[in-house]
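A.B. asks: Residue numbers (the working numbering): 52 to 315.
For every residue, glycine included, the Cβ atom is placed at its ideal position computed from N, Cα and C.
Just dropping this structure here.
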C-alpha cells in the first residue's frame, strides 16, 4: 500500500472516531420487540463500528462488509449520519442515491465500489463534506461537473477515471489539504490549476504522466509537506532541485533520487 495514502487514511479515521461518544444510545424505542435495531442489523452485516448520538446513527463503518444494495434501506433517512464508509462493498448507484440525501455527512468513503457518474453526480448536494474517497471507482470527469464542497479538506480520486478536466473544476479551492490523484490520467496540463489550491499539504501524483516541467510548478505551493511522484516521469535531478528549495517537503520518488538525497 502506498505510504502516503496509508498515513492520510489512518489519521483521518482516528480523528473521526475521536469525535463520537463511545456509549451508544438505545434505538429500540418504537420498534416491535422481535425486530433487530438498525444498528444491530448493520453489525450483523459486518459493520466494524456503529455509533449513535441521542438515539440517531452518527457513525457507520461498513468497509469490506457484506452490505449490499438490498440493505440500503437501513441508511434511508439517517440524516444525523456524519461518518459513513462503504468502501470495498458491492454497492451500486442504487445505494449511492440514498447516501446522497444524507446531507449531514462529513466523512464519506466509497473506495472500490461499483458506483458510476449517473448517481455520483448527486454527491454535489453534500455541501458539508470534509473527506471524500472515490478511490478505485469508475467515476469520470462527469461526476465533477457541478461540485463545490467548500469545506472539503481531503479528496481521494486515486485509480479513478478522472483527468485534467476534474482538476480544472477544483481550481482555486480554498480548503483542500490532502489530494490523491495517483494512477489517474492527469498530466502536466493540470498543474496550473493545482497550484491555485493554496492549502494543499499532501499531494499524491504517483503513477501519472507528470514530468519534470509539471513538477517544477509545485514550487509555489508554500504549504506542501509531502508529495509522491513515484512511477512518473519526474527525474532524480528534478527532485533534488525541488528538495533543495523546499527541505520541509518530503518527496517520494525514484530510488535513485532517495539515494542521491542521502548523500546530497
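#1: Nearest-angstrom Cα distance between residue 195 and residue 241?
#2: Since I believe residue 251 is in contact with residue 283 (beta carbons under 8 Å), could you give me their beta-carbon distance rounded to a whole number of angstroms?
#3: Among 286, 247, 304 and 132, which has the Cα closest to the Cα of residue 255?
#4: Evaluate the contact criterion for the region 230 to 247 versus the region 287 to 298: three or more CB pairs, one atom per stretch, below 8 Å.
#5: Touch check for the region 148 to 168 and the region 214 to 234: three-plus C-beta pairs under 8 Å?
#6: Just to confirm, is the Cβ distance from residue 128 to residue 151 under 9 Å?
#7: What's the gap between the Cα of residue 143 and the Cα of residue 116?
#8: Taking only three categories from DSSP, how would you classify residue 103?
#9: Does residue 157 come within less than 9 Å of chain D when only Cβ atoms are used?
#10: Could you tell me which of 206, 155, 239 and 178 sits nearest to residue 231, measuring between CA atoms?
#11: On a CA-only basis, which of 270, 281 and 280 is nearest residue 298? Give me that one, please.
#12: How far does the alpha helix (DSSP H) with residue 90 in it reach, from first residue to last?
#13: Please report the distance separating the alpha-carbon of residue 178 from that of residue 155.
#14: Select from 229, 264 and 239 the residue whose C-alpha is nearest the C-alpha of residue 278.
#15: Since residue 226 and residue 202 are thought to touch, with beta carbons under 8 Å apart, how far apart are those beta carbons, to the nearest angstrom?
#16: Quick check on the burial criterion: 16 or more other C-beta atoms within 10 angstroms. Buried or exposed for residue 197?
#17: If distances are taken between C-alpha atoms only, which option among 134, 120 and 160 comes closest to residue 141?
#18: Under 9 Å between the Cβ atoms of residue 131 and residue 149?
#19: Please report the distance separating the alpha-carbon of residue 302 from that of residue 136.
C.D. replies: Answer, in terms of the structure:
#1: Computed Cα separation, rounded: 15 Å.
#2: Actually they are not in contact, since the Cβ atoms of residue 283 and residue 251 sit about 17 Å apart, beyond 8 Å.
#3: Nearest option by C-alpha distance: 304.
#4: No, the region 230 to 247 is not in contact with the region 287 to 298.
#5: Output reads no: the region 214 to 234 does not touch the region 148 to 168.
#6: No, the pair does not count as a contact, with Cβ atoms beyond the cut-off.
#7: Rounded to whole angstroms, residue 143 and residue 116 show a C-alpha spacing of 14 Å.
#8: The answer is strand: DSSP assigns residue 103 an E or B state.
#9: Reference to chain D is not applicable here, since this structure consists of a single protein chain.
#10: Checked all of 206, 155, 239 and 178; the closest Cα to residue 231 is 206.
#11: Comparing Cα-Cα distances from residue 298 to each of 270, 281 and 280, the minimum goes to 270.
#12: Unbroken alpha helix (DSSP H) run through residue 90: 89 to 95.
#13: Roughly 8 Å between the two C-alpha positions.
#14: When each option's Cα is compared against that of residue 278, the closest is 229.
#15: Separation of the CB atoms of residue 226 and residue 202 is rounded to 6 Å, and the pair is thereby assigned contact status at 8 Å.
#16: Exposed, since its Cβ has fewer than 16 Cβ neighbours within 10 Å.
#17: Per the Cα distances, 120.
#18: In this structure, residue 149 does not lie closer than 9 Å to residue 131 by Cβ.
#19: So the two alpha carbons sit approximately 29 Å from each other.
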